[in-house]
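K.L.:
Protein sequences, first through last, are from chains V and U. Numbering of the first sequence is given in numbering that gives the first Met the number 0, commencing with residue 0 and proceeding in unit increments. Numbering of the second sequence is given in numbering that gives the first Met the number 0, commencing with residue 0 and proceeding in unit increments. All residues carry an ideal CB built from backbone N, CA and C; glycine is no exception. Quick caveat: nothing in here was measured; it's all calculated off a predicted structure. Dumping the structure here so I can ask a few things about it.
There are 2 protein chains.
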Amino acid sequence: MASDSTAPAGRSLLFLTDDQLRKGIEAMFFAYRGFTADPDRILAEKSYGRAHHRAIHFIHRSPGTTVNNLLSILGVTKQSLNRVLRTLIADGLVSSTVGDRDRRERHLHLTAEGAALERSLSDAQRERMRAAYRAAGPAAVAGFREVLEAMMDAEMRRQYQSLVDQPDGR
Amino acid sequence: MASDSTAPAGRSLLFLTDDQLRKGIEAMFFAYRGFTADPDRILAEKSYGRAHHRAIHFIHRSPGTTVNNLLSILGVTKQSLNRVLRTLIADGLVSSTVGDRDRRERHLHLTAEGAALERSLSDAQRERMRAAYRAAGPAAVAGFREVLEAMMDAEMRRQYQSLVDQPDGR
DNA sequence: CTGTCATGTCAACAACACTGACGTATTTCC
DNA sequence: GGAAATACGTCAGTGTTGTTGACATGACAG
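Written out as structure tokens, the structure is:
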């Protein structure tokens, strides 16, 4: 809207121009490219993709998680996840063990080798995040997280919160 | 923040725990899903994908841009872009005209129909961004943008800046 | 025992990315 | 004027990641 340039100054708390919003949209686009760039490079060497990274990340985060659980976090079909999981198990990065209480469930864990890959992936990603956080400062970081959380769907935010509340345990 | 409690208080400007960084990483993952959810729904109805959205967005942003220009912004191969561009031109959403100064170049514009789709896509995405911005407040928004910009590669940040500095002109 | 659940798998398909190679038109440079 | 570089388009092949639909097995629950 061209008429946004005439926006009253006193309403800045609530009045958001299309231009402001567009800049946020474009920032998300380019930032996400940077966000995935480093892991992508590492994964390409081992002929894995982002799907493998996501599976590894969330298995690391919730050791012993079930397939169904992972399915709902990743938001993909079981066929799609299974293809990835199958290669990870075949390659010895992930172990799948029958459940004790419910023997239908399979509990997923990273093997030593899987944990090593997870470490190298998250090291790379954390380094970039650390650099960005340092450059922007603590106040900016708080705002960054607030906006991201507000951008999620309600259901995703629920999953995010329950994940984030438990420490990494590394 | 569980392990954050062990962080030395006086170094908070520079000391970033793995836990803090991991939360940022997971926030990016879930937020980006929300970020693309609304346009994805609209595009699915018309059997277009994210690649079409990106092309339409940047053609709208830089009317008359050349194919090479778009290529470097999107960071894909020309074969990949061409597949998308071909369908958009065939469907009458994008026009391609021979350059005046350099007749090898093709200048890309949105047709009326293309502009209408762009509008409906960006309306949806802007609505989500607006809601997130409102929920988080102006200080958070500034921090959000700062961190995102710091997360980009130098080359991407250059492209982002030159784009963002020109208004939408809507 | 029957119904439901968790999981795994097969097949087919589509979107979107890639590499490599080739062709055409045009511009630039020597 | 002719060679080289540039801009674009296209063909063919491949790989990852997602989808639907169907089916099988084993395990739990009423």
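1) At a Cβ threshold of 9 Å, is U:Val-66 touching chain V?
2) Can you look up U:Arg-105 in the DSSP assignment and give me helix, strand or coil?
3) Residues in the segment 116-144 of chain V with C-beta within 8 Å of chain U's C-beta atoms, listed in sequence order?
4) Is any beta-carbon of chain V found at less than 9 Å from that of U:Val-163?
5) Does DSSP put U:Ser-61 in a helix, a strand or coil?
6) Apart from the five residues on each side of it in sequence, which residues of its chain come closer than 7 Å, Cβ to Cβ, to V:Gln-124?
7) Mind pulling the chain V residues with CB within less than 7 Å of U:Leu-87?
8) Can you check which of these residues, V:Glu-117, V:Val-93, V:Arg-102, V:Ala-149, is closest to V:Thr-110 by C-alpha distance?
9) Go ahead and label U:Lys-45 buried or exposed: buried means 16 or more other beta carbons lie within 10 angstroms of its beta carbon, across all protein chains shown.
10) Could you round the C-beta distance between V:Phe-57 and U:Gly-142 to whole angstroms and report it? I think they count as a contact, below 8 Å.
11) Skipping 5 residues on each side, what residues in its chain have a beta carbon closer than 8 Å to that of V:Pro-7?
12) Quick check: the segment 18-37 of chain U against the segment 57-72 of chain U, are there 3 or more CB pairs under 8 Å?
13) How would you write the range of the alpha helix (DSSP H) that U:Val-83 sits in, first residue to last?
14) Quick check: the Cα distance between V:Arg-129 and V:Ala-43, rounded to an integer number of angstroms?
15) Where do the ends of the alpha helix (DSSP H) carrying U:Thr-35 lie?
16) Any chance the segment 136-156 of chain U sits against the segment 131-142 of chain V, with 3 or more Cβ pairs inside 8 Å?
17) Provide the residue(s) that pair with V:Ser-94 in DSSP beta bridges, ordered along the chain.
P.N.:
So, from the listed chains and residues:
1) The beta carbon of U:Val-66 does not come within 9 Å of any beta carbon belonging to chain V, so the residue lies off that interface.
2) Strand.
3) Listed in sequence order: Ser-121, Gln-124, Arg-125, Arg-127, Met-128, Arg-129, Ala-130, Ala-131, Tyr-132, Arg-133, Ala-134, Ala-135, Gly-136, Pro-137, Ala-138, Ala-139, Val-140, Ala-141, Gly-142, Phe-143, Arg-144.
4) By this cut-off, U:Val-163 is an interface position.
5) Correct three-state label for U:Ser-61: coil.
6) Same-chain partners within the cutoff: Asp-37, Pro-38.
7) At a C-beta separation below 7 Å, U:Leu-87 has no neighbours in chain V, since its nearest C-beta there lies roughly 18 Å away.
8) Comparing Cα-Cα distances from V:Thr-110 to each of V:Glu-117, V:Val-93, V:Arg-102, V:Ala-149, the minimum goes to V:Val-93.
9) U:Lys-45 comes out exposed.
10) About 27 Å; that fails the 8 Å criterion.
11) Confidence at V:Pro-7 is low in this model, with a pLDDT of 48, below 50, so the placement of that residue should be treated as unreliable; the coordinate-derived value is given next. Within the same chain, and ignoring the five residues on either side of V:Pro-7 in sequence, the residues whose Cβ sits closer than 8 Å to its Cβ are Phe-14.
12) With the cut-off at 8 Å, the segment 18-37 of chain U and the segment 57-72 of chain U do not touch.
13) First-last of the alpha helix (DSSP H) with U:Val-83: 77-89.
14) Going by the C-alpha atoms only, they are around 23 Å apart.
15) From DSSP, the alpha helix (DSSP H) with U:Thr-35 extends over 17-44.
16) The segment 136-156 of chain U is in contact with the segment 131-142 of chain V.
17) For V:Ser-94, which the question treats as bridged, DSSP gives the partners V:His-108.
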